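Our numbering numbers the first residue of the sequence shown as 282 and each following residue consecutively.
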Amino acid sequence: MRCLYCNCTESKVIDSRSADDDTTIRRRRECMGCGRRFTTYETIEVSPILVVKSDGNRQAFDIGKVKRGIIKACEKRPVPLEKIDQLAEDISKRVYNSMEQEISSKEIGEMVMEGLKELDEVSYVRYASVYRSFKDISSFMSELQRMMEKEKK
Numbered sequence: 282m283r284c285l286y287c288n289c290t291e292s293k294v295i296d297s298r299s300a301d302d303d304t305t306i307r308r309r310r311e312c313m314g315c316g317r318r319f320t321t322y323e324t325i326e327v328s329p330i331l332v333v334k335s336d337g338n339r340q341a342f343d344i345g346k347v348k349r350g351i352i353k354a355c356e357k358r359p360v361p362l363e364k365i366d367q368l369a370e371d372i373s374k375r376v377y378n379s380m381e382q383e384i385s386s387k388e389i390g391e392m393v394m395e396g397l398k399e400l401d402e403v404s405y406v407r408y409a410s411v412y413r414s415f416k417d418i419s420s421f422m423s424e425l426q427r428m429m430e431k432e433k434k
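What follows is the structure in C-alpha cells.
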C-alpha cells in the first residue's frame, strides 16, 4: 500500500476492524518511511453489474453516482447523512441481490424515488422532477396530486 504522504510502499498494519456490517475491513496503517498513519479499506470484489441507460448505452453500476443524486435531492433539507448512506446501501444490496448482470437505469431511479418518498417528500419531488423530466407546471402538479391522494388513503 502506497503512503499518501511520501509515496513509500512499505507500511505496517496497526489495527484491523470490521466495518459496514462485516462487509469491509478497516485497516489503520503506519508508513515505514515517514511514520505517518493512514486508513485503508478492504472489500470483496464483486462482478460488475451493467446499467442499461434509456438510450441503450451500458455502463458499470456506480453506487457513488446514485448517492450523489440522492445528496443533491436532499440538499438544504433536514435529512441526516446516515439516512442517505443507508438508502444508498439498501439500493446497492437490492441491485446486487437481484442476481442479474444488467439493470435498467429506470429500475434504479424507481428504487431511489421509493426510498426518498419515505425519507423526505420534498427531496422526493426534487428527484422526481429531474428523473421524470417534468416539462411544465401541470406535470409537476399532477405528481403532487398523486402524492396527496396516496397520503389521504
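Glycine residues also receive a C-beta, built at the ideal position from the N, C-alpha and C atoms. Keep in mind the model is a prediction, meaning the values are calculated, not measured.
- Query: Given 8 Å as the limit, is there contact between the stretch 356-368 and the stretch 303-323, that is, 3 or more CB pairs closer than that?
  - Reply: no
- Message: Beta-carbon within less than 7 Å of SER385's beta-carbon, same chain only, minus the 5 sequence neighbours each way: which residues are those?
- Response: VAL333
- Query: Below 7 Å between beta carbons: does that hold for GLY396 and LEU368?
  - Reply: yes
- Query: Roughly how many whole angstroms lie between the Cα atoms of VAL376 and ILE389?
  - Reply: Computed Cα separation, rounded: 8 Å.
- Query: Which residue's Cα is closest to the Cα of VAL406: LYS387, ILE351 and ASP371?
  - Reply: ILE351
- Taking the Cβ atom as the reference point for each residue, do ARG298 and ARG310 lie within a distance shorter than 7 Å? no
- Rank VAL327, SER335, CYS355 and ALA354 by C-alpha distance to the C-alpha of ASP343 and give the top, closest one. Ranking the options by Cα distance to ASP343, first place goes to VAL327.
- For the putative contact between CYS315 and CYS287, defined by C-beta atoms under 8 Å, what is the C-beta separation to the nearest angstrom? 4 Å
- Message: Going by the DSSP bridge assignment, what does VAL332 pair with across the sheet?
- Response: GLN340 and ILE384
- Query: Does the Cβ-Cβ distance between ILE365 and MET392 come in under 7 Å?
  - Reply: No, the Cβ-Cβ distance between ILE365 and MET392 is not below 7 Å.
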